[in-house]
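Taking the numbering used here, the leading residue of the sequence shown gets 25, the next gets one more, and so forth. For glycine and all other residues, C-beta sits at the position ideal for the given N, C-alpha and C. Source: prediction; values computed, not measured.
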Amino acid sequence: MSGHHAVSFHGATLWLLPEKAIYWPEQRALLIADAHFGKAAAYRRLGQPVPHGTTASNLAVLDRLLCSHDCQQLIFLGDFLHAPGSQGASTLGALQQWRERHSQLAVTLIRGNHDRRAGDPPAALAFQMVTEPLLLGPFALQHEPDAHPHLPVLAGHVHPVYRLHGKGRQRLRLPCFKLGGAVSLLPAFGAFTGGHGVYPGRDDAIFVIGDGQVWPVGNQATGAGGGSSGMVGSPGSDGCG
Numbered sequence: 025m026s027g028h029h030a031v032s033f034h035g036a037t038l039w040l041l042p043e044k045a046i047y048w049p050e051q052r053a054l055l056i057a058d059a060h061f062g063k064a065a066a067y068r069r070l071g072q073p074v075p076h077g078t079t080a081s082n083l084a085v086l087d088r089l090l091c092s093h094d095c096q097q098l099i100f101l102g103d104f105l106h107a108p109g110s111q112g113a114s115t116l117g118a119l120q121q122w123r124e125r126h127s128q129l130a131v132t133l134i135r136g137n138h139d140r141r142a143g144d145p146p147a148a149l150a151f152q153m154v155t156e157p158l159l160l161g162p163f164a165l166q167h168e169p170d171a172h173p174h175l176p177v178l179a180g181h182v183h184p185v186y187r188l189h190g191k192g193r194q195r196l197r198l199p200c201f202k203l204g205g206a207v208s209l210l211p212a213f214g215a216f217t218g219g220h221g222v223y224p225g226r227d228d229a230i231f232v233i234g235d236g237q238v239w240p241v242g243n244q245a246t247g248a249g250g251g252s253s254g255m256v257g258s259p260g261s262d263g264c265g
């Protein structure tokens, strides 16, 4: 795979992936926030005309990531399932088939606000269920974007997007990673999730995702950002190899 952007952040090398995930080579870990599996199905149960196939599409992307990167563990930073209506036979069947394809993979779910409402995934998926924060390396991994008393946080929940301005009234909203300060944000992995606009603070850097690429804008693009973390970034020329 190509298009990732590697950063050194708080002493850890993180690959920011255009599939809206982070690969952490030292931990052999894939980090994903806000998959919201079964969201479209939950909306259809309410009579809303939303598309079919979003769960299958998201799982296909996840399959490609796991097959292209050396992963021992997959960590969901909350909101794995969207709602109680996501626990239908079709969604759970697709998830079970996916799990069987990756039966040796250690999977951890940090419960988010939607997980508490939707309920834990079936035991057959063999997830380790934890309450935030999950401490790993230099980071506190969380769903909620709240500061940790001692560690920098990698979080989800916000579904960050960044607005690019073109000539005239041209505007483009793109999913993004927001790194820096006490709390850094991952984009929502799910394809049917929406987004919330974010802007870089003095110690933040924004990396937007588009056309299969990840690239810096704002502070990081001009050489600032990262604060005391000493963040250094470089575009990836190839995938996991």
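Closest residue to residue i among the options (Cα-Cα distance)
i: Leu-116; options: Thr-79, Cys-95, Phe-100; result: Thr-79
i: Thr-132; options: Cys-95, Ala-84, Gly-218, Ala-113; result: Cys-95
i: Pro-42; options: Ala-229, Pro-211, Ser-32; result: Pro-211
i: Leu-54; options: Thr-37, Gln-120, Phe-100, Ser-32; result: Phe-100
i: Gly-218; options: Pro-224, Ala-59, Val-31; result: Ala-59
i: Leu-119; options: Gly-62, Trp-39, Pro-162; result: Gly-62
i: His-181; options: Gly-225, Gly-221, Gln-128, Gln-97; result: Gly-221
i: Tyr-223; options: Ala-215, Asp-139, His-183; result: His-183
DSSP state of residue i mapped onto helix, strand, coil
i: Val-31; result: strand
i: Gln-120; result: helix
i: Gln-237; result: strand
i: Asp-228; result: strand
i: Thr-79; result: helix
i: Pro-173; result: coil
i: Thr-155; result: coil
i: Pro-108; result: Because the pLDDT of Pro-108 is 49, which lies under 50, any placement of that residue in the model is unreliable, and the question is left without a value.
i: Leu-160; result: strand
Assigned exposure category for residue i - 16 Cβ within 10 Å defines buried
i: Glu-50; result: exposed
i: Gln-166; result: buried
i: Pro-240; result: buried
i: Asn-82; result: buried
i: Gly-143; result: exposed
i: Pro-157; result: buried
i: Gly-35; result: exposed
i: Asp-235; result: exposed
i: Arg-47; result: Sequence check: residue 47 is Tyr here, not Arg. Flag for Tyr-47 reads buried.
i: Pro-145; result: buried
Alpha carbon of residue i to alpha carbon of residue j, nearest angstrom
i: Glu-168; j: His-174; result: 16 Å
i: Asp-227; j: Ser-114; result: 44 Å
i: Phe-5; j: Lys-202; result: There is no way to answer for residue 5, as the model of the chain reaches only from 25 to 265.
i: Thr-155; j: Ile-134; result: 6 Å
i: Leu-105; j: His-172; result: 25 Å
i: Arg-52; j: Asp-170; result: 25 Å
i: His-93; j: Gly-225; result: 32 Å
i: Ala-130; j: Leu-209; result: 23 Å
i: Leu-40; j: Ala-84; result: 19 Å
i: Leu-98; j: Gln-152; result: 10 Å
Beta-carbon proximity check, residue i vs residue j, cutoff 8 Å
i: Ser-126; j: Leu-90; result: At residue 126 the sequence reads His, which differs from the Ser that was named. Their beta carbons are under 8 Å apart, which means His-126 touches Leu-90 by this criterion.
i: Ala-147; j: Pro-176; result: no
i: Val-185; j: Gly-27; result: no
i: Pro-199; j: Ile-233; result: yes
i: Gly-136; j: Asp-87; result: no
i: Thr-37; j: Ala-30; result: yes
i: Ala-150; j: Arg-187; result: no
i: Ala-57; j: Phe-213; result: yes
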